[in-house]
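*Asks:* In the working numbering, the protein residues as written are 87 to 373. Ideal Cβ placement from N, Cα and C applies to all residues, glycine included.
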Amino acid sequence: MVSVKFHDGVEEIKRWAFKGCTSLRSLNLTGIKTIGSKAFMSCDALMDVDVKFGDYQGRTEISKKAFDHCSSLRRSKLLGVRKVEKWAFNYCTSLTDVEFDDKLETIDEYAFRHCHLLTRISIPLKDGIFLCPQGSRNGRRNQFDSCENLTTVDLVGIEGIRNTISFFVPESYRNHGNALIDMPNQVLRNVSGFKTTEYIKDWIEDLIKGLEHGKEVYKPLLKEGMTQLELAVWKAKLDEDEDEGGVLEREGVRITRGRRQRARKESCVTSGANIVIKNVLSFLQLE
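Structure, rendered in structure tokens:
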């Protein structure tokens, strides 16, 4: 058996289902709910895993040691999974790239232990993704223990995050936010293996706090801009009520309604309403 592809009706792969299938090279699953413990353990030839979990109300998960010792596995695309349990990809020594989407909630201890060639992982910006080992005295996370080549962490939905930061004022907040996003890809290469997970966890927490702080700073300016917009619209309405005719007389000069409307728009812009028009709608969608 060289490849496995299931239709949407298959919800669960039981434990040990394909354990030791040494000829299996590719795995493509759609609509799955659970991959059981040791389901693909020691599938030595397995190189690519592409799994799209179904939209279930319960938990979608990759269970303990599901891909343990899959020594040829190079790439894993895992969309829709909410939990990755202990040792799920333990000793996948050829694994270089892992991709999650925004459904991911938790990664348990030692999930990617001894993935020596792992260089990139994409994860959502969520607090509490990395579970603390049970009974640990120092509380140190170890999901990427001995992943000494992990140098790139990409955030799921990065464009939306950068878009949020682009609305921050003053400019120093924007610069700090963008620098913080890119920091792991500059620092991780100098972080020793057992500290990798702790660094990523702290970075996520700092970024979340920075985004929340930036929004709090922006809110008073947003409120001020909305007030200016309301005043500008109110003033324009007063001007319109005062002038019901199609033609105005101003210092002996006849002004048509079209010219009057253009002048009114210009007065709204100069009142500061353009600040709101430019920024507020997009920003509100990000709340």
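1. Candidates S157, L132, A131 and R145: which alpha carbon is nearest G122's?
2. Let me know the secondary structure DSSP gives V421 once reduced to three states.
3. Between which residues of its own chain and H93 is the CB-CB distance below 6 Å, once the five residues before and five after are set aside?
4. Suppose you measure from the CA of E147 to the CA of I286; what does that come to, to the nearest Å?
5. Taking its Cβ as the centre, do 16 or more other Cβ atoms sit within 10 Å of M127, making it buried, or is it exposed?
6. Applying the 10 Å Cβ sphere with the 16-neighbour rule, what's the burial state of Q229?
7. I244 bridges to which residues according to DSSP?
8. Just tell me which of G263, I207, K169 and V88 has its CA closest to the CA of G246.
9. So, with DSSP's three-state summary, where would you put D94?
10. So which of K295, S162 and E284 has the shortest CA-CA distance to L266?
11. Output the residue ranges of the beta strand (DSSP E) runs that lie fully inside the region 138-171 and measure 3 residues or longer, sorted by chain position.
12. Excluding five sequence neighbours on each side, which residues of the same chain lie with their C-beta closer than 7 Å to the C-beta of E211?
13. What is the residue span of the alpha helix (DSSP H) that D268 lies within?
14. When you compare only the Cα positions, how much space is there between K138 and K281?
15. The beta strand (DSSP E) with G117 in it runs from where to where?
16. Assign K124 to one of two classes, buried (16 or more other C-beta atoms within 10 Å of its C-beta) or exposed (fewer than that).
*Replies:* Considering the structure as presented:
1. The residue with the shortest Cα to Cα distance from G122 is R145.
2. Outside the shown range of the chain (87 to 373) lies residue 421, about which nothing can therefore be said.
3. Closer than 6 Å at Cβ, skipping near neighbours: no residue.
4. One alpha carbon belongs to E147, the other to I286, and they sit about 22 Å apart.
5. Buried is the call here.
6. buried
7. I244 is not bridged to any residue.
8. G263
9. In this structure, D94 counts as coil in the three-state DSSP scheme.
10. Of K295, S162 and E284, the residue nearest in Cα terms is K295.
11. 161-165
12. The question names Glu, yet the displayed sequence has Leu at residue 211. Cβ neighbours of L211 beyond the five flanking positions: L241, I247, I290, L293 and I294.
13. E257 to D268
14. 31 Å
15. S112 to I118
16. buried
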